[in-house]
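In this note's numbering, the protein residues as written are 2 to 251.
These notes concern the structure reproduced below.
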C-alpha cells in the first residue's frame with residue numbers, strides 16, 4: 002500500500018469512530034497517534050460531533066489535507082472497542098499496512114444484535130416503571146410499550162425521519178398507549194408508565210459526553226452536544242404534553 006492508501010484507511014477509522022459515538026478527544030487522539038506512528042509529520046486534527054479534518058505532511062514533504070463528515074451517528078460499543086484495538090496496533094506498528102483495510106472491513110461487517118436491543122427496550126421500560134412506583138400490571142404494560150417503541154423507532158430510522166421529529170412522535174406514541182390504558186382500566190399508575198418508558202428516550206449519553214467534552218476543553222463539541230440533548234428533552238416534553246392535552250377529555 003502506498004501512503005495515500007494507508008491514509009484513506011486511517012481516515013475511515015476516524016470516520017467510524019465519530020459515527021459510532023466515540024468521544025471527540027478520542028477521535029482526535031486516535032488520528033494523531035496513528036499518523037505519527039506511521040511516520041507523518043506536522044499532524045493536526047480537529048473534530049466536532051459530525052465532522053473532522055486532518056492535515057499533515059507526507060514523507061516527501063507534500064502537504065495532505067482531508068475532511069470527512071458523519072451524517073448519521075449511532076452508538077456501537079463493539080465497533081468502538083475493535084476500532085480502538087486497531088488504532089493501538091497501527092500506532093505501535095503491530096499490524097502490516099496491507100492488513101489494515103481488511104481489518105476495517107471485518108469490523109464494518111459486524112451487525113448489531115437487534116434481538117438484544119429489543120430485550121433491552123422491554124426490560125428497561127418495565128424496570129424503570131417499577132422504579133417510579135408502578136405495579137405489576139403497569140410493569141407489563143411498560144414492557145409492551147418498550148416493544149412497540151423499538152419497532153416504531155426502527156421504522157422511523159428506516160424512513161430517515163429527523164431525530165427531533167422521531168423523538169416527538171415516539172413520545173406521543175408511548176404516552177398515548179399509557180393514557181388510553183389508564184382510561185380503559187388496564188394501567189393503574191399512568192405517571193409511572195409514562196415516566197418509565199420515557200427513560201428510553203432520555204439522552205443520557207449525549208449529556209454525559211457533552212459534559213466530558215466541556216471539562217476536557219472541547220467547548221464547541223460539548224456545547225453542540227448539550228444543545229442536541231436539550232432539544233431532545235424538549236421534544237420529549239412536547240410529545241407527551243400534546244397527547245395529554247388531546248386525550249384529557251377522551
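Beta carbons: idealized from backbone N, C-alpha and C, even for Gly.
Given the structure is predicted, the values throughout are model-derived calculations rather than measurements.
| Query | Result |
| --- | --- |
| Start and end residues, alpha helix (DSSP H) containing residue 58 | Element bounds for residue 58: not the alpha helix (DSSP H) but the beta strand (DSSP E), 52-58. |
| Start and end residues, beta strand (DSSP E) containing residue 325 | Residue 325 lies beyond the range of the chain shown here (2 to 251); nothing can be said about it. |
| Residue 134 vs residue 91 beta-carbon contact at 7 Å | no |
| Simplified DSSP state of residue 85, which is helix, strand or coil | helix |
| The segment 204-222 contacting the segment 178-191, beta-carbon criterion three pairs below 8 Å | no |
| Inside the segment 198-243 only - beta strand (DSSP E) runs reaching at least 3 residues | none |
| Beta-ladder partner(s) of residue 49, from DSSP | 52 |
| Spatial neighbours of residue 177 in its chain, beta-carbon cut-off 6 Å, leaving aside the 5 residues before and after | 244 |
| Cα-Cα separation between residue 132 and residue 197, rounded to whole angstroms | 8 Å |
| Under 7 Å between C-beta atoms of residue 50 and residue 222 | yes |
| Separation of residue 58 from residue 9, as counted between CA atoms | 15 Å |
| Distance CB(residue 143)-CB(residue 194) smaller than 7 Å | yes |
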